[in-house]
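In the working numbering, the protein residues as written are 2 to 232.
Virtual Cβ for every residue (Gly too), placed ideally from N, Cα, C.
Structural data, given as structure tokens:
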């Protein structure tokens, strides 16, 4: 009998794997059959996708704003102190996302499992860089900084890949763009952890969008495995 209160424990991981196309054909078919018969599971899947989209829209807007301010300052196009003034604006963008998500969670309280939404937000891999503290404490920076990490990967996307496809892939595999595109058209992508990076690099679905992946210059294989900071 279908659980009227929602998916049982463990279904959140199955839905993440389903969205990432990490299931075998048989496993995927079983999920499809359950989605057909279980309205609560279909709702959870929709919630998960909506949370990811909402988060990505807000984080992209905040990133573009900060990137513009930083680039202008480096080029000498902004008055001295502009970066300092940009920080409260970035905080407003982060707080806006937190507030919107909270209101959205209240609106969907009857069917929402907050732990599942938290999972997809963490999977996005950029929450630590964009959301920060919403309680008046110290904020984390909106970008990871120019030094980067040896856990990052330079990705070259195939011709014709749409921006929405790039966004969806990064959300599903816990990645965030930390630099690029460079003169070769590559994007430097950071990940929440090594498992997220391996999941993307080993995914046939992601391979349809990415033509080439390489480690940052100066990083050894051991650095890449550990995700250590580049010195």
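key: Assigned secondary structure, residue 187 (DSSP; H/G/I helix, E/B strand, else coil)   = coil
request  = For the beta strand (DSSP E) containing residue 180, list its first residue and its last residue.
outcome  = 176-180
task = Return the residue from the list 40, 26 and 208 that minimises the CA-CA distance to residue 159.
result = 208
Residue 44 versus residue 186: straight-line alpha-carbon distance, rounded = 38 angstroms
inquiry  = Quick check on residue 162: does DSSP put it in helix, strand or coil?
reply    = coil
query = Can you give the Cα-Cα distance for residue 13 and residue 25, rounded to whole angstroms?
reply = Straight across, the Cα-Cα distance linking residue 13 with residue 25 is about 17 angstroms.
message = I'd like to confirm the pairing. Which residues does DSSP put opposite residue 214 in its beta bridges?
response = 156
task = Figure out for me which residue from 42, 206 and 201 has the closest Cα to the Cα of residue 215.
result = Answer by Cα proximity: 201.
query = Quick one, are the C-beta atoms of residue 20 and residue 173 less than 7 angstroms apart?
reply = yes
query = Anyone know if the C-beta pair for residue 178 and residue 162 falls short of 7 angstroms?
reply = no
query = Does the beta-carbon distance from residue 42 to residue 31 come in below 7 angstroms?
reply = no
key: Own chain, CB closer than 7 angstroms to residue 156, minus 5 neighbours either side, in chain order   = Cβ neighbours of residue 156 beyond the five flanking positions: 187, 188, 190, 211 and 214.
Nearest-angstrom Cα separation, counted from residue 153 out to residue 219 = 12 angstroms
ask   = How would you label residue 203, buried or exposed, when you count the other beta carbons within 10 angstroms and need 16 or more for buried?
value = exposed
message = Let me confirm a value: residue 198 is counted as buried when at least 16 other C-beta atoms fall within 10 Å, else exposed. Which label applies?
response = buried
Anticipated Cβ contact below 8 angstroms, residue 175 with residue 192, distance rounded = 5 angstroms
query = At a Cβ threshold of 7 angstroms, is residue 21 touching chain C?
reply = Given the protein chain composition of this structure (a single chain), no chain C is represented.
key: Beta-carbon proximity check, residue 22 vs residue 206, cutoff 7 angstroms   = yes
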